[in-house]
DNA sequence: CATGAATGAGCCTTCATTCAT
DNA sequence: CATGAATGAAGGCTCATTCAT
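Laid out in structure tokens, this is it:
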């Protein structure tokens, strides 16, 4: 398998200019504007603990301990445990969609689009490992709550983007015609995102390297053999 | 892609004679001796709710409600919420290993072994959908507890079996030689098990059909072309 | 001043057959039906403590202590601290309106109606002293909450009943024509209900005796006529 | 009913020279020396919010918000939330007693004294509406605390003054001899002060007008004399 | 077998208060 | 004078678990 220009484009893309976001974050600094540094620090701590122990199993005390303050003090920065979760997830999704939108705007051919999306996904896993892990574990249950409706919306758009790409690929004879596309979509989606459960940033493989390997396995499976 | 004898063997296997279990369940009828029927009924209810809402988010009262008794009454049948979880997971793993062991005992060639393992996995997903979903979500955190050491042990053996199969396949020139085998292992493992998160028993596709599709995607990716 | 038949009717009325209630209590035993005895016991304790210390200043621990159980155990009987408050207040208002409705149904002349209403009020103070005290102190702030809308509704009907009685009395030349009726209404209303703040059941005066004295002052004044 | 000289005296009295205070306020400028203007502004805000929401239900942050500073900044001006309350209540009582003392010093006859006291009370309601409302709601619970002993002391003196006036009136055949004086005292006291719960300064009626109406009802009753 | 009632530990959250800047 | 950030003590509530009946 050799890399097309499109794939190269995707794999080399470095900057992440914000495209049109999927949603406007409802938590734009809950009315106050406390020091963003401390705030982000706490949020990253929360994300890590949520990812490690699960959202429900995580106590705010634990977060506070790890962040070096008392449980009550968290509430100076955040409205609630849930609002931390919301901010973590929406922050991740916003960036993800910024990346995806840029890929889509490039109007690559189906195979290159798929490669670029996969690569972008691994980049997001690299950048938001904790958020992705949380997302994997909690999204299904959260999505039914009005507050987390943006998760459901994101899932919907996600499916649409990937399915369209697959369909375009089938039409263009880039992907096998005998695929059950919904199954293939799930296969791809899970295959990529579950990686967050074992991926460790800075662990020998760059996101791009992993993406390349995954693509090699995945693509040569669903591509029309040549 | 055509099906080898080994694959056919795997796909047709119906019975599930218990092979040598990985572990002896410590919870064989927690000291009382209630009607096994009611007991299983409750356990299945618990599994369903655990799978739907997550173990932590599930209250013992919710289980009781769905099973048609009061929360306190559960403790006649089970020692604790945790012991229900343990029984659910160990029951699933015991059956899984019974299936795997039978496959391994057949000493098929690498490609057929892999096919048979994948097929067996989808059969277990079909039979223990809730348990698999719970396993996916909770195993990592549970495995560190002594009580759930059998999870870690199972994971270890799981990795060993799959890696060996892959290695044998590379040696036999059945699988591509340029694979990062650990990556390929994770890829396979996740790809198969995550299916539990969307699979619905009796939903148009039999486990064997899904297995075949997955194998088609996966195998033609990792198989040596040509 | 001598007592008319109507007043005598009011003062002698003993039984309290439930007329048409103002509202259906939304808290009809929150889905369970735990022993009504213990439930009422706790509720009376809560009412007493609320009346003594104020609703906000009362901790559920305090209620539990006084009722002889642990704080958490209250939640077996009640959904929340607020639901106890609701039940206390609605129970009182339901009985009050049962009494008022019976008085109104008797279609007495204005002066007798007023006397009967005042007497009935003192009877309710006697029976629901704590509830009345709570009502006095908290109603204004509670009434704006949807959950306690029945308070506002009751106040509205209350004002209507009393104002009508006063107006009929003025028309019938039973009450002075030079009164500011809204002022007189408030005067009467407060005068009667504030008594709950100092009234002690079984303290020498029966509700009927106190009602008689109050009526004497309200109707005829404290000054020596002439 | 016509107005005696004494009543006229009472109704026309405008100035409010401070007589001998009941107590020396312990909070005279809590150790700092901030601008008295800002201080009073904050105190009035606090009084308003206390009156609206109740002392316990009022957060120090709410006061700060309404006063246009941060919660912590209040502590530059005041020692504590409680000290604000104390200052509000003592300020009101000091002025009230200044007025009462002046009335008493005039040595009017019982009926005129009573009229003057009532009128003075309505004037205080007009001037210190919030403080009176707070007093009504919180005094009972506060009075037991050493810090608020001045409330109990004031109540004691209050009762003494009114009871004496009533007794003098009965002796002088100005008031009915068949009254239960303690009951009459409570009747009068409540009747007057509860008005604070609905009185709105600048709402059509001057304090003197309301006082006149109340006196008319209290002294002569609402019934047409027979 | 099941219920009703209670326990007690722990959770999220609130809030008066402090204090360095 | 005021702010930003934190403290620490409660407070309301949940929930797994127990146990007499």
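Protein chains in written order, with the numbering used here: chain A, 119 to 344; chain B, 119 to 344; chain C, 119 to 344; chain D, 119 to 344.
Don't be surprised by glycine CBs; every beta carbon is placed ideally from N, CA and C.
Going by DSSP, residue 237/C is part of the alpha helix (DSSP H) stretching over 228-245. For residue 222/C, no CB of chain D lies under 8 angstroms from its own CB, so it is not counted at the interface with that chain. The C-beta distance from residue 315/C to residue 251/C rounds to 6 angstroms, short enough to fall under 8 angstroms.
Inclusion of residue 256/D and residue 214/D in the CB contact set at 8 angstroms is not warranted, their separation being larger than that value. When secondary structure is reduced to three states using DSSP, residue 168/B falls in the helix class. Under the three-pair Cβ rule at 8 angstroms, the segment 287-305 of chain B does not count as touching the segment 323-333 of chain B.
For residue 172/A, a Cβ of chain B is located within less than 8 angstroms of the residue's own Cβ. Taking the Cβ atoms as the reference, residue 202/A lies roughly 15 angstroms from residue 269/A, outside the contact range of under 8 angstroms. Distances from the CA of residue 309/A to each of 204/A, 199/A, 200/A, 254/A were compared; the closest alpha carbon is that of 254/A.
Here residue 265/B is exposed: its Cβ has fewer than 16 other Cβ atoms, across all protein chains shown, within 10 Å. Between the alpha carbons of residue 285/C and residue 296/C lies a distance of about 12 angstroms. Residue state for residue 293/D is assigned as strand, using DSSP reduced to three classes. Residue nearest to residue 320/D within the set 258/D, 283/D, 336/D, 247/D is 247/D (criterion: CA-CA distance). Taking a Cβ-Cβ cut-off of 7 angstroms, the neighbours of residue 304/A in chain B comprise 316, given in sequence order. Exclusion of the five residues before and after residue 181/C leaves 163, 164, 167, 192 as the residues of its chain whose Cβ lies within less than 7 angstroms of its Cβ. Taking the CA atoms as reference points, residue 219/A sits about 12 angstroms from residue 239/A.
Looking at the backbone, the Cα of residue 183/C and that of residue 170/C are separated by about 15 angstroms.
Contact of residue 332/C with chain D is assigned, a C-beta pair being separated by under 8 angstroms. Within 9 angstroms of the CB of residue 178/C, no CB atom of chain D is found; the nearest one sits about 15 angstroms away. Comparing alpha-carbon positions, the option among 172/C, 185/C, 276/C lying closest to residue 155/C turns out to be 185/C. Chain order gives the chain D residues near residue 294/C as 334, 335, 338, 339, 340, 341, 342, 343, where near means a beta carbon separation below 9 angstroms.
Of the residues 292/B, 313/B, 281/B, the one whose Cα lies closest to the Cα of residue 298/B is 281/B. Cβ contact annotation for residue 290/A (same chain, cutoff 6 angstroms, sequence separation greater than five): 228, in chain order. Flagged as an interface residue toward chain A: residue 301/B, by a C-beta distance shorter than 8 angstroms. Distances from the alpha-carbon of residue 207/A to those of 313/A, 277/A, 326/A, 267/A put 267/A closest. Straight through space, the alpha carbons of residue 224/A and residue 187/A are spaced by roughly 46 angstroms. Boundaries cannot be given for residue 316/B, as no alpha helix (DSSP H) includes it and DSSP labels it neither H nor E. Only those residues of the segment 259-278 of chain D whose C-beta falls short of 9 angstroms from the nearest C-beta of chain C are listed: 259. A check of alpha carbon separations from residue 196/D across 322/D, 159/D, 234/D identifies 159/D as the nearest.
For the segment 222-255 of chain D, the beta-carbon criterion of a distance under 8 angstroms to any beta-carbon of chain C is satisfied by 229, 255. Under the three-state reduction of DSSP, residue 341/C is assigned to strand. Restricting attention to 272/B, 294/B, 237/B, the CA atom closest to the CA of residue 326/B is found in 237/B.
Residue burial is scored here from C-beta neighbours: residue 336/A has at least 16 other C-beta atoms within 10 angstroms and is therefore classed as buried. In this structure residue 287/B is buried. Its beta-carbon is surrounded by 16 or more other beta-carbon atoms within 10 angstroms.
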